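J.:
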Amino acid sequence: MGIAIDFSGRAGRYTEEEIATVVAAMRNADPLTQGDLQRAFQEKFKTFNGAQHAFACMNGTAALQTAAELCLLNAGDEVVIPSHTFTSSAYPFAGRGAQLVFADIDPHTRVVTAEHVERVLTPRSRVLVVVHLYGFLADMPPIMELARRRGLLVVEDACQAVGTEHSGVKAGNFADFGTFSFHSHKNISTLGEGGMLTVKDARRAELVPMLRHNGHRAYAGERPDYWLPAMGDVDFPELDGRRLQPANYCIGEVECALGSVLLDRVQTINAQKRERALRFIDALADRPELVFHREPGPRHNYHLLAARMEGPASRRDAFIRRMFREFGIKCVVQYYPLNRYPYYRKLGFGEARCPNADDFFDHMISFPFQHSLTDEQLLYMLDCTRKTLDGLRAGKDT
Ligand SMILES: *Cc1c(COP(=O)(O)O)cnc(C)c1O
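Now the structure itself:
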């Protein structure tokens with residue numbers, strides 16, 4: 104049969120109001136980049152998230168690249184990061200000469216804890232990247248306490264966790280930097296690409312506009328001839344006497360206009376995804392072979408719906424195969440431990456003592472869970488999951 108439920112590359116649909124906002128920005132925005140709509144999006148995000156400084160950029164990776172540049176890494180500095188994450192969490196740091204040190208994850212929540220981080224710290228540890236994977240906000244207070252004690256800069260990769268919160272504090276707002284993505288897959292998307300960087304320290308925040316835009320800045324003071332000496336100045340942003348490398352990570356005004364209106368809806372989307380995830384998880388409570396992470400509160404936005412399948416890894420593969428071939432439901436596996444990719448192996452980061460991350464990846468199932476799934480599709484997926492588990496219990500296909 105054909106695909107009944109795809110693991111879609113697109114998470115959601117737009118409302119008529121959102122479409123009208125895009126059309127109006129297409130007609131009226133002038134300039135089309137770096138104008139009032141960007142400023143408005145940043146202001147609104149600051150209020151939404153409680154951040155001191157927020158900078159819209161072209162995607163989550165650009166936000167991570169900028170955060171990595173602001174960490175002022177030296178060759179040999181160690182950056183602690185979970186092996187179980189998307190590659191963009193890590194390569195901006197590897198690309199700046201840091202040594203990546205992989206931290207293991209908690210097998211139940213599938214994100215790092217202070218204990219897992221502490222185990223791999225050394226006197227050379229400089230930066231910690233905490234990833235709120237699947238949309239679950241890691242336990243930040245003890246992590247920040249540890250980081251402050253050990254003098255680490257902390258980056259929260261909240262690319263999947265926009266809007267989640269823990270004790271009233273939103274994801275991205277515990278650490279020195281927060282990074283967000285509005286990619287096509289994510290709970291809200293600014294037309295396929297988009298991102299936000301939040302920065303706590305004013306001295307670092309001040310440098311972001313130049314870092315984001317080619318090292319450009321306005322000339323200081325009065326200029327009698329507006330065209331002289333040039334349209335704008337170009338220089339290095341400097342931090343602690345070190346020159347930083349700028350790039351062009353700007354995002355367009357149309358995307359920013361859309362981002363602003365999506366912020367009005369993101370918590371509704373998050374709540375709907377959470378409610379559905381809980382419905383799905385609870386309906387399978389009598390199937391102990393599928394282990395979900397159940398979090399009923401706003402600490403999880405269920406960007407993704409992941410489960411561990413008990414038993415041998417071959418059983419997981421049998422489940423996915425049968426779901427696809429018999430029912431047209433496309434589950435996938437995520438996130439390949441970074442140390443297994445050629446990119447990281449070639450850099451010398453092929454080793455990781457992360458047994459929980461390895462075990463989880465080898466047994467995990469990520470169900471298609473885009474916001475645009477209908478209730479009928481969700482019920483169909485539930486029914487097919489039960490049938491597939493029954494089939495595996497009966498010993499077929501294992
Ligand atoms: C999506 C994602 C990114 C990168 O975001 P882009 O907007 O695609 O560049 C980084 N980290 C995590 C955990 C992500 O899920």
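All residue numbers for the sequence shown refer to the working numbering, where the first residue is 104 and numbers rise by one.
From the three backbone atoms N, C-alpha and C, an ideal C-beta is built for every residue, glycine too.
Please read all numbers here as calculations on a predicted model, not as lab measurements.
1. List the endpoints of the continuous alpha helix (DSSP H) containing G281.
2. Over what stretch of residues does the alpha helix (DSSP H) that includes H235 continue unbroken?
3. With C-beta atoms as the reference, is D209 less than 9 Å away from S186?
4. Looking only at DSSP bridge pairs, what is E341 linked to?
5. Q168 lies in the alpha helix (DSSP H); which residues open and close that run?
6. Please indicate yes or no: does the CB of H286 lie closer than 8 Å to some heavy atom of ligand 1?
7. Rounded to the nearest angstrom, how far is the Cβ of A143 from that of S363, given a contact under 8 Å?
8. State yes or no: is the C-beta of M243 within less than 9 Å of the C-beta of A201?
9. Taking only the alpha-carbon atoms, compute the straight-line gap between G344 and A250 and give it to the nearest angstrom.
10. Taking 8 Å as the threshold, find out whether the region 174–186 comes into contact with the region 449–463 through three or more Cβ pairs.
11. Alpha helix (DSSP H) containing H505: first to last residue?
12. Can you find a heavy atom of ligand 1 that lies under 8 Å from the Cβ of L257?
13. Using the beta-carbon count (16 or more within 10 Å), is V511 buried or exposed?
14. Near L361, what residues of its chain come up, given a Cβ to Cβ distance below 7 Å and the 5 sequence neighbours on each side ignored?
15. Compute the beta-carbon to beta-carbon distance between M161 and G298, rounded to the nearest angstrom, for a pair I have assumed lies under 8 Å.
16. Given the structure, does N276 come close to ligand 1, in the sense that its CB is under 8 Å from one of the ligand's heavy atoms?
17. Taking C-alpha atoms, which residue in Y322, F383, L314 and R379 lies nearest to A350?
18. On a CA-only basis, which of V214, N404 and R419 is nearest Q512? Give me that one, please.
19. Taking the C-alpha atoms as reference points, what is the distance between L135 and M334?
20. Identify the continuous beta strand (DSSP E) that holds T504 and give its terminal residues.
21. To test your reading of the DSSP string, which unbroken alpha helix (DSSP H) runs of 4 or more residues are found completely within the region 383–450?
22. In the DSSP assignment, find the alpha helix (DSSP H) that holds S363 and state where it starts and stops.
23. How big is the Cα-Cα spacing for L175 and M426?
24. Is the beta carbon of N177 less than 9 Å from the beta carbon of G266?
25. Spatial neighbours of Y447 within its chain, please: CB distance less than 6 Å, with the 5 preceding and 5 following residues excluded, ordered by chain position.
26. What residues are listed by DSSP as bridge partners for V126?
27. Give the straight-line distance between the Cα atoms of N152 and L240, rounded to the nearest whole angstrom.
28. Identify the continuous beta strand (DSSP E) that holds I108 and give its terminal residues.
29. So what's N351 in DSSP terms, helix, strand or just coil?
30. Using a Cβ-Cβ cutoff of less than 6 Å, which residues in the same chain neighbour E259 once the five nearest sequence positions on both sides are dropped?
31. What residue does the beta strand (DSSP E) around Q202 start on, and which one ends it?
32. Per DSSP, I184 is paired with what?
33. Any heavy atom of ligand 1 closer than 8 Å to the CB of Q517?
34. Could you tell me which residues DSSP puts in a beta bridge with A159?
35. Under 9 Å, do K376 and G238 count as touching if we go by C-beta distance?
36. Residues in the same chain with beta-carbon distance under 8 Å from R227, minus the five sequence neighbours each way, listed in chain order, please.
T.: With the structure as the only source:
1. The residue you call residue 281 lines up with position 178 of the sequence shown. If you look at G281, you'll find it isn't in any alpha helix (DSSP H); it sits in the beta strand (DSSP E) that goes F280 to S284.
2. Here residue 235 refers to the residue found at position 132 when the sequence shown is read from its first residue. For H235, there is no enclosing alpha helix (DSSP H), as DSSP gives it neither H nor E.
3. The residue labelled residue 209 in the question sits at position 106 within the sequence shown. The residue labelled residue 186 in the question sits at position 83 within the sequence shown. Result no, Cβ atoms of D209 and S186 do not sit closer than 9 Å.
4. As a working mapping, residue 341 is identified with position 238 in the sequence shown. E341 is bridged to R346.
5. In the sequence shown, the residue the question calls residue 168 occupies position 65. Boundaries of the alpha helix (DSSP H) around Q168: G163 to L173.
6. Here residue 286 is taken as the residue at index 183 of the sequence shown, counted from 1. It does: the Cβ of H286 is within 8 Å (strictly closer) of some heavy atom of ligand 1.
7. The residue labelled residue 143 in the question sits at position 40 within the sequence shown. The residue labelled residue 363 in the question sits at position 260 within the sequence shown. At roughly 6 Å, the Cβ-Cβ gap stays under 8 Å, so A143 and S363 are in contact.
8. As a working note, residue 243 is residue 140 in the sequence shown. As a working note, residue 201 is residue 98 in the sequence shown. Contact flag unset, no.
9. The sequence position of residue 344 within the sequence shown is 241, counting from 1. The sequence position of residue 250 within the sequence shown is 147, counting from 1. Each residue's Cα considered, the two are about 24 Å apart.
10. Yes, they touch.
11. Given that the chain is displayed from residue 104 to residue 501, the structure contains no residue 505 and the question cannot be resolved.
12. Here residue 257 corresponds to residue number 154 of the sequence shown, with the count starting at 1. According to the sequence provided, residue 257 is Val. The question's Leu does not apply to it. Remark: the shortest separation between the CB of V257 and any heavy atom of ligand 1 does not fall under 8 Å.
13. Absent from the structure is residue 511, since the part of the chain shown begins at 104 and ends at 501.
14. Taking the first residue of the sequence shown as 1, we reach residue 361 at position 258. Same-chain partners within the cutoff: E121, T124, V125, T293 and L294.
15. The count along the sequence shown starts at 1 and reaches residue 161 at position 58. The count along the sequence shown starts at 1 and reaches residue 298 at position 195. That pair is a contact at about 6 Å.
16. Locating residue 276 in the sequence shown gives position 173, counting from the first residue. With a cut-off of 8 Å, the C-beta of N276 is classified as distant from ligand 1, since no heavy atom of the ligand falls inside that distance.
17. Here residue 350 refers to the residue found at position 247 of the sequence shown. The residue with the shortest Cα to Cα distance from A350 is L314.
18. As shown, the chain starts at 104 and ends at 501. That puts residue 512 outside it, with no answer to give.
19. For the purposes of this step, residue 135 is taken as the residue at position 32 of the sequence shown. For the purposes of this step, residue 334 is taken as the residue at position 231 of the sequence shown. Spanning the alpha carbons of L135 and M334 requires a straight line of approximately 18 Å.
20. In the structure displayed, the chain extends from 104 to 501; residue 504 sits before or after that span and is not available.
21. Residue ranges of uninterrupted alpha helix (DSSP H) with 4 or more members, entirely inside the region 383–450 and ordered along the chain, are 416–430 and 445–449.
22. Stepping through the sequence shown from its first residue, residue 363 is reached at position 260. Following the DSSP letters along the chain, one finds S363 inside the alpha helix (DSSP H) bounded by residues E356 to L365.
23. Residue mapping note: residue 175 aligns to position 72 of the sequence shown, counting from 1. Residue mapping note: residue 426 aligns to position 323 of the sequence shown, counting from 1. Cα to Cα, the separation comes out at about 47 Å.
24. By 1-based counting over the sequence shown, the position of residue 177 is 74. By 1-based counting over the sequence shown, the position of residue 266 is 163. For the pair N177 and G266, the CB atoms are not nearer than the 9 Å cut-off.
25. Here residue 447 refers to the residue found at position 344 of the sequence shown. Closer than 6 Å at the Cβ level, and outside the excluded window around Y447, lie L441.
26. In the sequence shown, counting from the first residue as 1, residue 126 sits at position 23. None, per the DSSP bridge assignment.
27. Within the sequence shown, numbered from 1, the residue matching residue 152 stands at position 49. Within the sequence shown, numbered from 1, the residue matching residue 240 stands at position 137. Rounded to the nearest angstrom, the two C-alpha atoms are 14 Å apart.
28. Counting from one through the sequence shown, the residue named residue 108 turns up at place 5. Segment: none, I108 is in no beta strand (DSSP E) and carries neither H nor E.
29. On the sequence shown, residue 351 is found 248 positions in, with the first residue counted as 1. Looking at N351 - three-state DSSP - the assignment turns out to be strand.
30. Here the question's residue 259 lines up with position 156 in the sequence shown. Contacts found: V233, G275, A278 and G281.
31. Translated into positions along the sequence shown, residue 202 becomes position 99. Per DSSP, Q202 is one residue of the beta strand (DSSP E) stretching across Q202 to A206.
32. For the purposes of this step, residue 184 is identified with residue 81 of the sequence shown, where counting begins at 1. Bridge partners of I184: F205.
33. Outside the modelled stretch of the chain, which goes from 104 to 501, sits residue 517, for which no answer is possible.
34. Taking the sequence shown and counting its residues from 1, one reaches residue 159 at position 56. DSSP lists M299 as partners of A159.
35. As a working note, residue 376 is residue 273 in the sequence shown. As a working note, residue 238 is residue 135 in the sequence shown. At a Cβ-Cβ threshold of 9 Å, K376 and G238 count as neighbours.
36. Counted from its first residue, the sequence shown places residue 227 at position 124. Result list for R227: G179, D180, E181 and Q202, in chain order.
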